[in-house]
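Notes for the one structure printed next.
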Amino acid sequence: MTDDTPAQSRTYPARPWVGVGVIVWRGDRVLLIRRGRAPRLGQWSLPGGAQEVGETVFQAAAREVREETGLTVRPTGVVTVVDAITRDGEGRVEYHYTLVEVAAEWEAGEAVCADDALEARWATVDEAANLVPWDETERVIRLAAAIRISAP
474 MTDDTPAQSR TYPARPWVGV GVIVWRGDRV LLIRRGRAPR LGQWSLPGGA QEVGETVFQA
534 AAREVREETG LTVRPTGVVT VVDAITRDGE GRVEYHYTLV EVAAEWEAGE AVCADDALEA
594 RWATVDEAAN LVPWDETERV IRLAAAIRIS AP
């Protein structure tokens, strides 16, 4: 892309955006944020966002958590990849993200909402399952918990 090429829009994109979702652990609790922007405005979810040019997936994960909650985290691995496609009332693709779901361990700070998060909280896996409305988010959290338990 040259400097005179307009940036791609996140709504009704010409191609998917690469994003990261971050499953942050502090003991047996996972970090949730209540989204302050579409898609899924107002819903509980994992922190995350779009990867920037020149940034690794792990760098993007750490940056997004810091921007949304003020926490310092250490990414530990890729859990899975999820397609997040939202269609409008006419069936057109309004949002399309390819989300790389990254596990991370809390290192420092207290979770406070910042940037595009309305609220931040720690939850057990079962509490998170009751709060997040998107089945894929619950699946990713449970998968990350299972991987974490089975790790040496």
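Position 9 (the sequence shown) corresponds to 482 in our numbering; numbering is contiguous.
No residue lacks a Cβ here, since even glycine has one placed at the ideal position from N, Cα and C.
The residue among R621, V566, A587 with its C-alpha nearest the C-alpha of E541 is A587.
In this chain, the alpha helix (DSSP H) harbouring V530 covers 530-542.
Take the alpha-carbon of A590 and the one of P486: they are about 23 angstroms apart.
Fully contained in the stretch 557-592 are the following beta strand (DSSP E) runs of length 3 or more, in chain order: 566-581. Our two residues, A593 and A584, have alpha carbons roughly 6 angstroms apart in a direct line. According to DSSP, residue pairing for R513 in a beta bridge does not occur. DSSP places R612 outside any beta strand (DSSP E); the residue lies instead in the alpha helix (DSSP H), whose first and last residues are 608-623. Between the stretch 489-503 and the stretch 518-525, the count of C-beta pairs closer than 8 angstroms reaches three or more; the two stretches touch. By the 16-neighbour rule on beta-carbons within 10 angstroms, V546 is buried. Assigned with DSSP and collapsed to three states, L519 falls in coil, not helix or strand. Looking from the CA of A581, the closest CA among P512, V538, G509 belongs to V538.
Close CB contacts of R510 within its chain, under the 7 angstroms cut and outside five residues either way in sequence, are with D589 (chain order).
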